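Mapping to this note's numbering: the sequence shown position 508 is 908, numbers consecutive.
Where is the CB? At the ideal position from N, CA and C, for every residue including glycine.
Nothing here was measured: the structure is a model prediction, and the numbers come from that model.
Working notes, structure below.
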Amino acid sequence: MALLKSMNSGVSGLNAFQKKMDVIGNNIANVETIGFKSSRVTFSQLMSKNEARSGAGSNAPQLTDQIGLGVRVGSVDRDFSQGALQSTGMNTDLAIEGDGFFVVNNNGQNYYSRAGNFSFNKDGFLVSGDGNMIQGFMADANGNVNTGTLENLQVDFEGTVPPKRTETVTVGGNLNSSTSTYRTLRTQSSLKVSGTSAQSSALLNDLDQTSTQFVDGDTITLDIVLPDGTNPVTPITFNFGPTADGVTLEEMVNSFNSQLNGLDVNVSIVDGIINVKSTVMGETELEVSGLNIAGSGSMNFPVFNTINEGSTGSHTISTTVFDTLGNQHSLIVRIIQEAEDSWSYEASFLDGETITSGKTGNINFLDGDVIESNFEISYESSNGTENTITIGLGDPQEGISFNQYGGSTTLKALSQDGYGQGKLMDVGISGDGKIEGVYDNGNTVSLAYLALADIQNVNGLEQVTGGLFKASSAAGEIITGFANEMGSSVAAGFLETSNVDLAREFTEMITSQRAYQSNARVITTSDEMLVEAVNLKR
């Protein structure tokens, strides 16, 4: 009977919207499920019955009338869009930002999941809340990762790392170019001409201090003790000779300097003040008693005062280094400025280790930049092992400079590559999925890499219990690798929440409810029409 078609259509609608409510109910029930991916229902029309059209000829727009027979569920599609990340503060809680799935193993079968609520069990295996083994790539003792096959990720929390001797110490910073100073003597008062400070061009006989004019044949001798504590073999003497304009201060100073050449002393005059300076840095025995005048001329020459004693400056750097057996030693390197561009160094160990070579040496600069890039120190530790350390003076590749400029000294030992035996203290997971062990010796070692699976067709995954997916034949190719290879990242201390949109689900619930009611009305109305048809017999 024709009315039965409408009743069957109504029944198909009831069945279809009941299934949609089942999906909506499941979405809402999992609104707090970690890594849950919501689903949606799409409908499809059932086959239609063709009714012949009376009088339809070949020129009619259609030859039959089609009446639908109801609706069915066409597909239940899963939404794999990114869920929001929720901070948990637990470093084994992981969330994937981007594409990919965690790989978990249950009794030899690999499954895939977006839920990253993991933890380490009593044996050190990284497992899910259900005890499934998390898969990845383990590293060897040197931190090299084997990417051949997937393995259960395991951390030996009782493990240690062997010591490594210090091979390189990197030093960086600036050495104050004026760390050492020159001994300098200066006249107590200035020479004057008519009460005004004399310039270098002033004539000796025009000085206010000249009480009796100098004449040809007079001599002026600089009474000086050289920086090394000796007296000049030949006295530093200026012979007053005839000139057309007279003898100037500059001529006298130039005469002194020509005789002091090679004796590490320099004489200069500025605004009537005569300076005598050692050209050797540091503490010297330079002294000037004054001028000894022989002849008819006489001068009340001012006495010399010491204005800079001269000092040898140095800077000490220290760092802890490790020998072959992992024992610590305190290395001290004292760097002494010997000249403007030349320094010496002296190395020692606070605990008395014997330096067999490289104990002393030189460091030279050109225009403020170090010339030599490093030097080596070899020592024998108390346990009898021989060790060699390279002291790197800066590292241009790392942006570390080693210079000698004016300004404060900032030199220090920045790093050394050795360490003692270490015990595992903590485990961290980086954005690329690398699992690193942090040891109490300050060393960080790569232990493993978390594996992510890139699935060609995520809609081909079949969901199983516990929020896991398994691959069907429709999933296509599955590639396992590192997060950064897939353009994704792993966020430690976060979990990916459900991507269920409650507002949308409630809206769908309302429309489904109305549609269900409408289909029920189709059935009840068809029933009333059947009743009327039966009553025609009465």
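Would you list the residues sitting across from THR844 in a DSSP beta bridge? THR844 is bridged to VAL838.
First and last residue of the uninterrupted beta strand (DSSP E) at THR760: Residue range 760-766 is occupied by the beta strand (DSSP E) that includes THR760.
Measuring alpha carbon to alpha carbon, tell me which of GLY489, HIS715, THR844 ends up nearest TRP743. Considering only alpha carbons, the answer is HIS715.
To the nearest whole angstrom, what separates the beta carbons of THR621 and PRO635, a pair I think is in contact under 8 Å? Contact holds; Cβ gap of about 5 Å.
For the alpha helix (DSSP H) containing SER481, name the first residue and the last one. It is not in any alpha helix (DSSP H) - SER481 carries neither H nor E in the DSSP assignment.
VAL615 - partner residues in DSSP beta bridges: For VAL615, which the question treats as bridged, DSSP gives no partner whatsoever.
Rounded to whole angstroms, what is the Cα-Cα separation between GLN418 and GLY529? When rounded, the separation of the alpha-carbon atoms in GLN418 and GLY529 is 33 Å.
Measure from the alpha carbon of ASN803 to the alpha carbon of each residue in GLY572, MET652, ALA875, then state which is nearest. Looking at the Cα atoms, GLY572 is the closest of the given residues.
Closest Cα partner of PHE882 within the set TYR849, ASN574, ARG914: Relative to PHE882, the option among TYR849, ASN574, ARG914 whose CA is nearest is TYR849.
Out of curiosity, what's the CA-to-CA distance linking ASP618 and PHE775? Each residue's alpha carbon lies about 57 Å from the other.
Looking at GLY690 and PHE704, is the spacing between their C-beta atoms short of 8 Å? The answer is yes: Cβ separation under 8 Å.
Using only the heavy atoms of the ligand GDP, determine whether one of them is closer than 7 Å to the beta carbon of VAL665. You won't find the ligand GDP in this model; it holds no ligand whatsoever.
Closest to MET699 by C-alpha separation, out of GLY833, SER475, LEU591, would be which residue? The residue among GLY833, SER475, LEU591 with its C-alpha nearest the C-alpha of MET699 is LEU591.
Just mark MET825 as buried or exposed, buried being the case when its beta carbon has 16 or more other beta carbons within 10 Å. The residue in question, MET825, is exposed, as its Cβ has fewer than 16 Cβ neighbours within 10 Å.
Closest by CA to ASN491, which one among PRO563, ILE829, SER412? Checked all of PRO563, ILE829, SER412; the closest Cα to ASN491 is ILE829.
Pull up the CB-CB distance for LEU852 and GLY833, whole angstroms please, since I reckon it's below 8 Å. Rounded, the Cβ-Cβ distance is 7 Å, consistent with contact.
Verify whether the separation of the beta carbon atoms of ASP840 and LYS812 is less than 8 Å. In this structure, the beta-carbon distance from ASP840 to LYS812 does not fall below 8 Å.
Check the DSSP bridge columns for LYS420 and list the partner residues they point to. None, per the DSSP bridge assignment.
State the CB to CB distance for the pair TYR819 and PRO632, rounded to an integer number of angstroms; the pair is presumed to be in contact (CB under 8 Å). In this structure, TYR819 and PRO632 do not form a Cβ contact; the two beta carbons are roughly 59 Å apart against a cut-off of 8 Å.
Pick helix, strand or coil for GLN599, following the three-state DSSP scheme. Annotated three-state conformation of GLN599 is coil, per DSSP.
Spatial neighbours of LYS420 within its chain, please: C-beta separation below 6 Å, excluding the five flanking residues on both sides. Excluding five sequence positions before and after LYS420, the CB atoms of its chain that fall closer than 6 Å to its own CB belong to VAL441, SER912, given in chain order.
Closest by CA to ARG586, which one among PRO627, SER889, ASN708? ASN708 is the residue among PRO627, SER889, ASN708 whose C-alpha sits nearest the C-alpha of ARG586.
Roughly how many angstroms lie between the CA atoms of ASN783 and SER577, to the nearest whole one? ASN783 and SER577 have their alpha carbons spaced roughly 40 Å apart.
Less than 8 Å separating the beta-carbons of VAL503 and GLN482? No.
Please name the residue or residues paired with ILE736 in a DSSP beta bridge. According to DSSP, which records beta bridges pairwise, ILE736 is partnered with SER714, SER744.
Per the contact definition of three or more C-beta pairs closer than 8 Å, is the region 908-926 in contact with the region 505-525? They do not touch, by the three-pair rule.
Can you give me the C-alpha to C-alpha distance between PRO796 and GLY768, rounded to a whole angstrom? Distance between the alpha carbons of PRO796 and GLY768 is about 15 Å.
If contact is defined by three or more beta carbon pairs under 8 Å, each pair taking one atom from either stretch, is the region 744-754 in contact with the region 714-732? Touching, per the Cβ criterion.
Pairs of beta-carbons, one from the region 405-412 and one from the region 468-479, closer than 8 Å: are there three or more? As far as the Cβ criterion goes, the region 405-412 touches the region 468-479, which means the pair count is three or higher.
Decide if GLN588 is buried, meaning its Cβ has at least 16 other Cβ atoms within 10 Å, or exposed. Exposed is the call here.
If the criterion is Cβ atoms closer than 8 Å, does the pair ASP477 and PHE894 meet it? No, they are not a contact pair.
Compute the distance between the beta-carbons of GLU738 and MET652, then report whether it is under 8 Å. The answer is no: Cβ separation not under 8 Å.
Can you tell me which of the three DSSP states THR924 falls into? DSSP places THR924 in helix when its eight states are reduced to three.
Give me whichever residues DSSP pairs with LYS937 in a beta bridge. When DSSP reads this structure, LYS937 sits in no beta bridge, so it has no partner.
Just checking: is the beta-carbon of ASP523 within a distance shorter than 8 Å of some beta-carbon in chain B? Structure shown: chain B not included; a single protein chain is present.
How many Å lie between ALA598 and THR610 at the Cα? Using only the alpha carbons, I get a separation of about 12 Å.
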